[in-house]
Amino acid sequence: MLSVKNIDVAYGRAKVLHDISLELEPGRMVFIAGRNGAGKTTFLKSIAGFMKPLAGTITFLNKNITGLPPEKVALLGIRYVFQDKRVFSNLTVRENLELAAYPVKEKISTAVEKVMSIYPKMEKFLNLRAGSLSGGQRQILLIGRALVGDPKLLLIDEPTEGLAAGTINDILNVLSMMKGKVSMIIVEQNLSVVGMLGDKVYIMREGKIVQECSDKTDITDKAKLEKFL
Ligand SMILES: Nc1ncnc2c1ncn2[C@@H]1O[C@H](COP(=O)(O)OP(=O)(O)O)[C@@H](O)[C@H]1O
Ligand SMILES: [Mg+2]
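Have a look at this one:
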């Protein structure tokens, strides 16, 4: 459903992505792993339309989306959950969902149901300020918010970054509940998470894909993946 072919991407004159290719089949969960600075975020931003590739093509559902602006990419059903975990802190959880539901004309009740279907505990927090949520709950709110309007592809940037082990389990639950229902590309440095959920993993280093694994035994072999980082 998504096919990235040989893209190069730069910030000004500094080229940071070199000849990147990726294939995603419908319903699959693909991970991108790699150390800080490898270019993972830049890659997701390129798919979401925030960066324009210098070369190469990005095709989504048989449509060439290379260089389309983010709002057009979003209209095609691609949602990007940023790495910064920023919510509207002074608004309630429900209001955060309303802001996502309004532009896509989804009912707020549907948006609330979607979040509750992946994380029932959110019911208790609906009327609380989003700023009062824990890091993990905020991440779940952001993922839930991205589900509003029935996206076809979710791009999630480091969902477990900075979270305690127990909270990582909550995120794992949420992602495994969504698995198969929506296609996902997830940037993740925690190789246990990658091993538990991944259908395929791409390892990035210095702006290049240095390894691609789609064999389950390779994906679950943390030590092996680690060597490519
Ligand atoms: N806004 C920017 N301007 C210039 N260089 C950037 C910018 N954002 C990231 N970079 C550089 O691009 C490279 C890849 O960064 P990034 O995609 O954020 O990596 P990752 O997400 O894997 O940590 C790094 O060398 C980083 O310093
Ligand atoms: Mg990043």
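The working numbering numbers the first residue of the sequence shown as 162 and each following residue consecutively.
All C-beta atoms in this analysis are idealised placements derived from N, C-alpha and C, irrespective of residue type, glycine included.
Cut-off 7 Å between Cβ atoms - residues of its own chain near residue i, not counting five sequence neighbours on either side
i: M117; result: Residue coverage of the chain in this structure runs from 162 to 390, which leaves residue 117 outside it and unanswerable.
i: N288; result: T253 and R255
i: Q298; result: F286
i: G323; result: G296
Distance between residue j and residue i (C-alpha atoms, nearest Å)
i: I168; j: A326; result: 35 Å
i: K233; j: A272; result: 22 Å
i: S250; j: R290; result: 6 Å
i: L185; j: L294; result: 33 Å
i: K213; j: A175; result: 13 Å
i: K166; j: D180; result: 8 Å
i: T321; j: N225; result: 31 Å
i: L236; j: L215; result: 23 Å
i: R240; j: K388; result: 31 Å
i: G173; j: L303; result: 30 Å
i: T328; j: T218; result: 37 Å
i: M188; j: I370; result: Note on residue identity: the sequence assigns Gly, not Met, to residue 188. Answer to the nearest angstrom: the Cα atoms are 22 Å apart.
i: R306; j: K342; result: 16 Å
Residue i: CB within 7 Å of a non-hydrogen atom of ligand 2
i: T202; result: yes
i: E319; result: yes
i: V348; result: yes
i: Q244; result: yes
Neighbourhood of residue i by C-beta distance below 6 Å, restricted to the same chain and skipping five residues each side
i: I317; result: V242 and I347
i: K313; result: G238
i: E373; result: Y363
i: A262; result: I269, A272 and V309
i: L390; result: R196
i: G292; result: S250
i: K201; result: I193, G195, V348 and M365
Residue i Cβ short of 7 Å to ligand 1 heavy atom set
i: G210; result: no
i: V177; result: yes
i: N257; result: no
i: G323; result: no
i: N197; result: yes
i: Y263; result: no
i: I280; result: With the sequence shown as reference, residue 280 is identified as Tyr, and Ile is not the correct amino acid for it. It does not: the Cβ of Y280 is nowhere closer than 7 Å to a heavy atom of ligand 1.
i: Y363; result: no
i: Y241; result: no
Chain-order list of residues whose beta-carbon lies under 8 Å from that of residue i (same chain, five-residue window excluded)
i: V355; result: F192, A194, E349, V362, I380 and L386
i: I301; result: V276, I279, Y280, M283, D331, I332 and V335
i: V265; result: V309 and G310
i: P230; result: G210
i: N223; result: none
i: K383; result: L352, S353 and G356
Review point. Curious, which full-length beta strand (DSSP E) runs of at least 3 residues does the segment 298 to 331 contain?
Key: 314 to 318
Exercise for review: With a floor of 3 residues, list each beta strand (DSSP E) that falls wholly inside the segment 191 to 217, ordered by position along the chain.
Suggested key: none
Review point. Which runs of the alpha helix (DSSP H) fall wholly inside the segment 213 to 280 and span at least 4 residues, in chain order?
Key: 231 to 236, 254 to 262 and 269 to 279
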